[in-house]
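In case it helps, my numbering puts the sequence shown at residues 30 to 142.
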Amino acid sequence: MEDVRARRGADVASDHHLVSAENRPKLQNHWITGETTLLSCISVFLQDTDKFNEFTMALNNKFEASQVLLTEVKITMKNDCEGIKDVPTSTIYEVLYVRSICIKDGSPWKSCG
Numbered sequence: 030m031e032d033v034r035a036r037r038g039a040d041v042a043s044d045h046h047l048v049s050a051e052n053r054p055k056l057q058n059h060w061i062t063g064e065t066t067l068l069s070c071i072s073v074f075l076q077d078t079d080k081f082n083e084f085t086m087a088l089n090n091k092f093e094a095s096q097v098l099l100t101e102v103k104i105t106m107k108n109d110c111e112g113i114k115d116v117p118t119s120t121i122y123e124v125l126y127v128r129s130i131c132i133k134d135g136s137p138w139k140s141c142g
């Protein structure tokens, strides 16, 4: 709990104090470690404008291809959602060539191959 305050009760005549607290959960503690390192590494790679442009073009092409597939063949919504979820992840692995990420010798993110 970060912010805890004692306040007077609802009555002016009462001696009761109300305690209010503001709780902010730390989401980073609940993430899987591999996901956070992967996201950090990807953000570093995408700061390069050439890689970023290549990634956005590949992602747009994949989404356009899935749109064409949806119009040609009627696919159930469940199968469509599963395919859409996999598109960004597969594009990241194809464009950024990220296989596994680790830290060696205190140096910044390196691909361990």
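Where is the CB? At the ideal position from N, CA and C, for every residue including glycine.
Source: prediction; values computed, not measured.
Original post:
Mind checking whether residue 124 and residue 87 have CB atoms under 8 Å apart?
Top reply: yes
Original post:
Considering only residues of the same chain and omitting the five flanking positions on each side of residue 97, which have a CB-CB separation below 8 Å?
Top reply: none
Original post:
CB-CB under 8 Å to residue 83, same chain, minus the five flanking residues each way: which ones, in chain order?
Top reply: 124
**OP:** Rounded to whole angstroms, what's the CA-CA distance from residue 77 to residue 119? Just pull it up for me.
**Re:** 19 Å
**OP:** Answer yes or no: do residue 116 and residue 92 have a C-beta to C-beta separation smaller than 8 Å?
**Re:** yes
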